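Everything in the sequence shown is counted per my numbering, starting at 1320 for the first residue and increasing by one.
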Amino acid sequence: MKLPCRMADRVLIVIDALDESGEEPSREHILRILSSQKIKKLPPNFRILVTSRPLSDISDSLLGAMHIQVKFMDEIPSAATDRDIRIYINDQLSDTVSMLEGEEITKFLPQAKKGS
């Protein structure tokens, strides 16, 4: 069965915390798929977002693939991530934010961002 090329405007597939999916052998198959040229056969409206710590097997597999754009979080300016976190918190807690002072919410951002 052949699917039409444009099923939806945008399709985003998220693979979050790939590094936490098990040991290296358990990630080998998904890394081979992601780094292969076959993945380029997906319709152009498909995007795959993978989050992970930079473990050697993951970095080695993904960094060499020309169709993969790699972004390291420590390369993103802190001000940009702080702004994004504030926007997200304000959006998600819009009902609660009106009851609290802005400082009470944002003073915890540096700790929350680092996973503390």
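Backbone N, C-alpha and C define an ideal beta-carbon position, used for all residues, glycine too.
None of these values were measured; they are calculated from a predicted model.
Exercise. Which two residues bound the contiguous beta strand (DSSP E) that contains Ile1367?
Worked result: Your numbering for residue 1367 matches position 48 in the sequence shown. Looking at the DSSP string, the run of the beta strand (DSSP E) that includes Ile1367 is 1365-1369.
Exercise. With distances taken from CA atoms, which of Pro1362, Ala1384, Asp1410, Phe1391 is nearest Gln1356?
Worked result: Numbered from 1 along the sequence shown, position 37 holds the residue referred to as residue 1356. Closest option to Gln1356, Cα to Cα, is Ala1384.
For this session: Just tell me which of Glu1347, Asp1410, Leu1353 has its CA closest to the CA of Arg1366.
Result: Working through the sequence shown from its first residue, we reach residue 1366 at position 47. With distances taken between Cα atoms, Arg1366 lies closest to Leu1353.
Exercise. Rounded to a whole number of angstroms, what is the C-alpha to C-alpha distance between Pro1362 and Leu1331?
Worked result: Within the sequence shown, the letter at position 43 stands for residue 1362. Within the sequence shown, the letter at position 12 stands for residue 1331. When rounded, the distance between both Cα atoms is 12 Å.
Problem set entry | C-alpha distance - Ser1435 paired with Asp1335, whole-angstrom precision | The count along the sequence shown starts at 1 and reaches residue 1435 at position 116. The count along the sequence shown starts at 1 and reaches residue 1335 at position 16. Any reading at Ser1435 is ruled out, since the residue's pLDDT is 43, under 50, leaving its predicted position unreliable.
Exercise. How is Gly1434 classed by DSSP in three states: helix, strand or coil?
Worked result: To locate residue 1434, count along the sequence shown from 1; it is residue 115. Caution is warranted here: a pLDDT of 49 is assigned to Gly1434, below 50, making its placement in the model unreliable, and no coordinate value can be reported.
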